[in-house]
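Chains as they are written, first to last, in our numbering: chain A, 1 to 408; chain B, 1 to 376; chain C, 1 to 259. To start, the structure under review is shown below, and the notes come after it.
Laid out in structure tokens, this is it:
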């Protein structure tokens with residue numbers, strides 16, 4: 001990579017190339033898959049299949065304020081406003097097939113893993129049915145125990161084999177197990193570097209600039225099994241380390257006053273507003289539950305470990321894990337506060353949030369606030385309410401800091 | 001009161017007063033009771049352990065305590081179950097089983113430990129890939145785990161024979177219920193929408209052996225009656241469940257008869273049989289594998305719509321009534337697909353968004369009446 | 001002299017205190033953000049205190065309209081201000097319930113009267129003053145008379161819809177099927193109380209529980225809240241100006257730190 005180009009530039013370039021190549025591949029008759037965000041993409045990468053991620057695409061349409069047309073289309077077709085807005089945007093897009101904010105090719109088959117939620121099963125079922133295309137499912141049973149139980153690991157591992165069979169049938173190609181090992185190695189390595197880079201945010205001041213995490217996330221979703229993804233995170237880590245060494249904080253014009261984590265998905269249609277209000281108050285968003293979501297790390301060649309890793313996404317683990325994980329993040333990143341996004345789209349995150357907030361509060365005493373919003377439906381968010389809650393959070397953080405200082 | 005009226009009124013009484021009915025069943029049979037959350041639980045294993053499976057599908061309790069854990073956009077059945085648990089209304093149960101079919105149920109499982117610590121929880125996960133061998137094997141492992149828990153509660157080992165006997169009893173119950181729902185159109189006044197619902201619902205609060213006997217008696221008695229002329233509208237009803245009283249009264253007032261249903265609370269519980277070969281647990285696992293047309297179980301072919309169309313055709317129904325449980329994502333996702341298929345098939349449809357607790361059903365009444373006027 | 005201004009969605013309040021924290025002037029105007037209400041409230045408070053604007057050393061604005069009011073020296077949220085005002089008036093307060101026009105909040109205070117934690121309603125207006133306004137409109141009575149209307153309730157009515165829009169149609173259909181206005185008024189109070197009690201259960205209501213904000217003047221809501229929460233609720237004197245008092249106290253504190 002050209003050392004004079006920043007990782008941010010490469011990132012933007014990679015993402016636009018990712019979509020462009022997928023569209024071109026489709027045009028030239030290659031098979032394209034749609035997949036969920038934490039799918040075992042190793043299987044697809046091994047088969048050299050072009051993949052696009054509807055969740056990522058919906059986020060792009062949301063951020064570029066082009067979601068409403070697709071939300072309306074889904075609603076007109078009978079989809080309730082209560083459903084996940086990523087699903088509604090994508091289903092609307094599958095109908096309309098054209099967005100000024102960026103296009104994706106229509107899939108030849110879809111690949112779904114419910115380690116993020118069971119909603120994706122229903123969403124993908126509908127896609128499969130409407131487009132009459134095959135669906136591959138990797139079912140990762142919800143872990144109500146702290147760890148992934150043995151019979152779940154066995155079930156998931158056997159589904160990998162089942163999925164390989166389906167892939168061979170769909171493509172008419174043999175699955176190359178040597179290549180698979182290679183991809184597993186790169187994927188696990190990319191995940192390690194993603195974790196490593198995002199962990200650098202722990203420095204004080206943090207080298208992270210607010211919503212960095214949400215930008216780089218696109219690559220860990222879309223290019224986890226590719227060498228260029230790995231290279232990007234190495235470069236990013238290098239840049240961040242440089243900033244830390246030089247003692248540089250997030251912003252040139254103001255210091256980092258407070259450090260917070262964001263629980264849940266971004267409010268894409270209001271990304272600028274939500275971020276501006278934080279910055280205005282000197283609040284730096286340095287981490288979330290995301291870094292661990294894609295830290296899918298395992299030894300290559302060990303399918304059991306891979307099965308366990310895919311089932312271990314925090315959304316698929318129990319509340320004790322979820323709360324404990326945030327408690328650890330508060331400590332590791334020296335956080336002053338937590339912003340919980342009660343995201344109308346994500347019942348799986350929402351319906352545990354109240355209790356997680358209480359447990360984290362009890363164990364860390366860190367200030368926190370919950371606000372209502374949605375990942376892509378602009379209507380579920382009120383700027384005035386958000387601003388008041390964030391300011392009140394800031395006031396609590398300020399008061400706690402003053403108390404700490406006066407005790408010294 | 002004649003015999004038919006007596007049997008029906010006893011069943012209605014049971015359905016309308018679940019806690020009282022369950023406690024009476026416990027006393028009558030000497031069994032401990034285990035609560036079963038929606039949508040499918042291994043009732044046969046519970047029964048084989050000498051325990052009484054009890055259905056927990058919400059109720060009419062006001063929400064107050066559950067707000068501590070759940071936002072207002074959580075489905076009403078789950079909010080009410082948590083509320084009732086927190087209020088101590090389930091304290092007489094030896095345990096509850098919560099199966100994680102949807103994202104909401106996963107969260108309820110997690111919250112239960114802290115919200116209702118006094119009521120022992122057995123969490124369960126059913127495989128979504130239920131038709132492949134790995135899925136069946138996984139489910140059998142889950143059954144075995146739950147079986148051990150139940151043995152501890154019952155203080156006895158469950159033998160293969162216990163399981164086979166229990167399966168035979170449940171198969172008899174399911175077959176009886178299929179007969180029962182099939183005769184509704186012939187006795188559409190006696191078995192109006194509300195009565196039909198309450199009779200089916202009573203099963204959740206009684207010993208299935210005793211319940212099946214009652215239903216058979218009722219059908220025997222009904223056969224002696226002349227058939228009742230059906231002068232209303234015949235519909236197939238789909239959804240999670242069809243409550244409240246106000247909703248059911250509106251169907252009765254407008255002479256809308258449920259000639260068949262695809263409700264999770266009703267026919268989805270008994271329309272699929274176990275397979276005849278295999279070990280007891282294999283037979284139970286294959287029942288889940290063979291059960292189709294339910295929004296809670298993975299089906300890439302989306303057979304839900306065709307199932308509704310078949311029900312309409314087989315029962316010469318005039319249309320489909322959708323009782324959409326508000327905030328139920330799995331059902332909401334199935335709707336646009338079967339809606340389109342029903343439209344293509346030219347089948348009229350009435351869409352009602354319901355919550356389990358609706359004190360005012362004015363708008364719903366109007367819609368039901370308009371639908372009835374439209375069909376006539 | 002120190003000025004606190006609280007600009008709500010439906011009313012504006014102003015309070016002037018001196019360095020001994022004594023209230024010299026106070027005013028409430030029943031129009032809120034985006035109107036002349038704030039100016040009028042400030043003007044009236046000055047007249048009551050018998051002073052002019054130059055005497056103000058520092059001013060703090062709070063409330064829904066705080067962002068768009070540019071004549072104050074500083075803006076602070078209503079959460080922090082209500083907590084401060086309530087703790088000042090009733091030092092034993094550990095929980096503050098404030099039902100405003102757009103937001104309902106439950107605030108937990110530590111032993112020094114500082115905000116420890118708070119919760120607010122979901123985005124919709126269920127359980128807020130807005131809900132009561134809508135109910136009063138349907139019942140054709142003023143918001144101030146809603147409470148006395150409910151005192152004559154003879155039968156319990158449940159308004160089950162938490163959404164204001166749906167509750168509106170629910171209530172209209174109840175009235176059309178013969179429900180008495182008094183009973184509906186009481187039902188509305190109960191509906192608000194339930195939502196707020198639910199909110200409170202998320203962080204727990206430690207005694208003493210103090211209620212601030214204009215809705216605290218509605219005895220029907222307070223009684224319903226006591227019933228729903230099982231806690232005694234103390235209504236602070238002049239509840240509607242507590243946010244402004246808190247703001248004035250912050251004005252005093254900030255100015256003291258500066259000098």
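Backbone N, C-alpha and C define an ideal beta-carbon position, used for all residues, glycine too.
Asked                                                                                                                                                                            : Found
So if I threshold CB-CB distances at 8 Å, which residues from the region 119-143 of chain C count as touching chain A?                                                           : 119, 120, 122, 123
Just verifying my parser: in three-state terms, what is the DSSP assignment at residue 376 of chain A?                                                                           : coil
Mapping DSSP to helix, strand and coil, what is residue 27 of chain A?                                                                                                           : helix
Taking the DSSP output, what are the residues bridged to residue 75 of chain C?                                                                                                  : C:61
Are residue 233 of chain C and residue 211 of chain C close, meaning C-beta to C-beta below 7 Å?                                                                                 : yes
With H, G and I counted as helix, E and B as strand and the rest as coil, what does DSSP make of residue 183 of chain C?                                                         : helix
Which chain A residues are close to residue 291 of chain B, counting only those with a beta carbon under 7 Å from its beta carbon?                                               : Going along chain A, no residue has its Cβ under 7 Å from residue 291 of chain B, so there is no contact; the nearest lies around 16 Å.
For residue 359 of chain A and residue 330 of chain A, what's the separation of their Cα atoms in angstroms?                                                                     : 13 Å
Given a threshold of 16 other Cβ atoms within 10 Å of its Cβ, counted over all protein chains shown, does residue 1 of chain A qualify as buried or as exposed?                  : Low confidence applies here, because residue 1 of chain A scores a pLDDT of 47, under 50, leaving its location unreliable and the question unanswered by this model.
Alpha carbon to alpha carbon, what distance is there between residue 205 of chain C and residue 387 of chain A?                                                                  : 25 Å
Return the CA-CA distance between residue 12 of chain A and residue 72 of chain A, expressed in angstroms with no decimal places.                                                : 29 Å
What does the Cβ neighbour count give for residue 374 of chain B, buried or exposed, with the cut at 16 atoms within 10 Å?                                                       : exposed
Which same chain residues, not among the five before or five after residue 127 of chain B, have their C-beta less than 7 Å away from its C-beta?                                 : 135, 138, 139
Please compile the residues from chain B whose C-beta is within a distance smaller than 7 Å of the C-beta of residue 194 of chain C.                                             : 64
In terms of alpha-carbon separation, which member of A:401, A:300, A:354, A:362 lies closest to residue 340 of chain A?                                                          : A:354
Report the three-state DSSP secondary structure of residue 342 of chain A (helix, strand or coil).                                                                               : strand
Between which two residues does the alpha helix (DSSP H) harbouring residue 236 of chain B extend?                                                                               : It is not in any alpha helix (DSSP H) - residue 236 of chain B instead sits in the beta strand (DSSP E) that spans 233-239.
Residue 202 of chain C versus chain A: which residues are under 7 Å apart at the beta carbon?                                                                                    : 354
Please state the DSSP three-state secondary structure of residue 45 of chain B.                                                                                                  : helix
State the Cα-Cα distance for the pair residue 101 of chain A and residue 188 of chain A, rounded to the nearest angstrom.                                                        : 32 Å
Per DSSP, which residues does residue 263 of chain B bridge with? Please list them.                                                                                              : B:239
If you measure from the beta carbon of residue 347 of chain B to each beta carbon in chain A, is any gap under 7 Å?                                                              : no
Does the beta carbon of residue 198 of chain C sit closer than 7 Å to a beta carbon anywhere in chain B?                                                                         : yes
Rounded to whole angstroms, what is the Cα-Cα separation between residue 125 of chain B and residue 239 of chain C?                                                              : 51 Å
If I follow the unbroken beta strand (DSSP E) through residue 53 of chain B, where does it start and stop?                                                                       : 52-55
At 4 residues or longer, what runs of the alpha helix (DSSP H) sit wholly inside the region 321-361 of chain B?                                                                  : 329-344
Looking only at its chain, what residues have a beta carbon closer than 7 Å to the beta carbon of residue 258 of chain B, apart from the 5 residues adjacent to it on each side? : 184, 193, 196, 235, 237
When the Cα atoms are used, what is the spatial distance from residue 38 of chain B to residue 144 of chain B?                                                                   : 20 Å
Would you list, in sequence order, the uninterrupted alpha helix (DSSP H) runs of no fewer than 4 residues that lie entirely inside the region 268-324 of chain A?               : 271-280, 290-293, 303-311
Would you call residue 111 of chain B buried or exposed, if buried means 16 or more other Cβ atoms sit within 10 Å of its Cβ?                                                    : buried
Any beta carbon of chain A sitting closer than 7 Å to that of residue 231 of chain B?                                                                                            : no
Would you list, in chain order, the members of the region 99-121 of chain A that have their beta-carbon closer than 7 Å to a beta-carbon of chain B?                             : 114, 117, 118, 119, 121
Expressed to the nearest angstrom, what Euclidean distance is found between the alpha-carbon atoms of residue 205 of chain A and residue 180 of chain A?                         : 40 Å
From the DSSP output, read off the bridge partner residues of residue 35 of chain B.                                                                                             : B:54, B:96
Quick one: any contact between the region 30-43 of chain A and the region 111-126 of chain A, if contact means 3 or more CB pairs under 8 Å?                                     : yes
Can you tell me which of the three DSSP states residue 366 of chain A falls into?                                                                                                : coil
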